[in-house]
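In the working numbering, the protein residues as written are 8 to 309. For every residue, glycine included, the Cβ atom is placed at its ideal position computed from N, Cα and C. These figures come from a predicted structure and were not determined experimentally.
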């Protein structure tokens, strides 16, 4: 009698983690696009950085609408921009093997999740891009346009952003895999973690202790990608294989000084080679005192 554990392939569970904060209009479109995904088996986690009642009510309705796709909602109190903290809670509590991250203002083309799943390999994290829609395009979005796929057609996107943004138009086009892979290999853009469109094995994220919770808005996602690289998990582009449309919105939490400080910190993390953050899923008290802390690394100038 054959050993079933040896002859049957293991099932890889996939979860899409959607970060959100007080933008139920955009989140509704994001979830509608996920409900319209083709040829993909996944669950959804909405990682909520303190949204109010309108978001809670929306998610209650989507628990029924999204079926049979499983939806869970994790929430933390609003204490300022703490996206990395809620993402770590999502990672820590996930039962999936592979995690795909998108923002709650990014609408995914119907083949988006299937592409992430098809391209995943050991020792790699995937990094895609997005097409930023102008403010006026918000009025052009509709549930019907998302469900039908109309908003992902090249002519619709050209009508919104024009013809001059070649890179964005290439992201919108459904390119043959060989051509998309060639463009992704040739692009000069660094293979960094893009919080709006990236994916990785959960065990790799756990190995670097997830996101650094001391970082506020501005390159806070890039930093973890650098630590993944330092750990031996390399970034691979899927910029022209996946399509996300970004819904523009105000960013009252943005602070230019914090952004610059974070970017300086990312450079130091890259130079130092560290792969673990003391401000991640496992907190500092559980690690040896010799671990390098955020401010210490910044001040060292290495």
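Selected residue, minimal CA-CA separation from residue i, among the options
| i | options | result |
| --- | --- | --- |
| residue 193 | 141, 246 and 172 | 246 |
| residue 290 | 187, 152 and 218 | 218 |
| residue 38 | 103, 227 and 109 | 109 |
| residue 208 | 160, 51 and 240 | 240 |
| residue 139 | 269, 253 and 190 | 253 |
| residue 189 | 281, 167, 154 and 243 | 243 |
| residue 105 | 23, 198 and 17 | 23 |
DSSP-derived helix/strand/coil call for residue i
| i | result |
| --- | --- |
| residue 192 | helix |
| residue 110 | strand |
| residue 25 | strand |
| residue 134 | strand |
| residue 139 | strand |
| residue 20 | coil |
| residue 314 | Within the shown structure, residues of the chain are numbered from 8 to 309, placing residue 314 beyond reach of any answer. |
| residue 270 | helix |
| residue 286 | coil |
| residue 116 | coil |
| residue 127 | coil |
| residue 308 | Because residue 308 sits at a pLDDT of 43, beneath the cut-off of 50, its placement in the model cannot be relied upon, and the following sentence gives the value as read from the coordinates. If DSSP states are grouped into helix, strand and coil, residue 308 belongs with coil. |
CB-CB length for residue i against residue j, believed under 8 Å
| i | j | result |
| --- | --- | --- |
| residue 27 | residue 53 | 6 Å |
| residue 56 | residue 93 | 5 Å |
| residue 183 | residue 255 | Rounded, the Cβ-Cβ distance is 31 Å, inconsistent with contact. |
| residue 332 | residue 51 | Outside the displayed span of the chain (8 to 309) sits residue 332, for which this structure offers no information. |
| residue 204 | residue 145 | Not quite, the Cβ-Cβ distance comes to about 20 Å (not below 8 Å), so this is no contact. |
| residue 265 | residue 223 | 5 Å |
Of all the beta strand (DSSP E) runs that stay within the bounds of the stretch 220-260, which reach a length of 3 or more residues? 241-244 and 251-253, all fully within the stretch 220-260.
Should the stretch 69-78 be regarded as contacting the stretch 118-125, the criterion being three or more beta carbon pairs within less than 8 Å? Touching, no, given that fewer than three Cβ pairs across the two stretches are closer than 8 Å.
Three or more beta-carbon pairs under 8 Å between the stretch 27-46 and the stretch 114-121, yes or no? Short answer: they touch.
Unbroken alpha helix (DSSP H) runs of length 4 or more, entirely within the stretch 143-221: which are they? Every alpha helix (DSSP H) stretch that sits fully inside the stretch 143-221 and reaches 4 residues is listed by chain position as 150-155, 161-168, 173-179, 184-193 and 209-214.
Length-filtered (4 minimum) alpha helix (DSSP H) runs lying within the stretch 31-114: With a minimum length of 4 residues, the continuous alpha helix (DSSP H) runs that stay inside the stretch 31-114 are 31-42, 60-72 and 90-100.
Taking contact to mean at least 3 C-beta pairs separated by less than 8 Å, is the stretch 227-241 in contact with the stretch 204-218? Contact between the stretch 227-241 and the stretch 204-218 is present: 3 or more CB-CB pairs across the two stretches fall below 8 Å.
Please confirm if the stretch 170-185 is in contact with the stretch 63-71, defined as three or more CB-CB distances below 8 Å between the two stretches. Taking a cut-off of 8 Å for Cβ pairs, the stretch 170-185 and the stretch 63-71 do not touch, as fewer than three such pairs fall below it.
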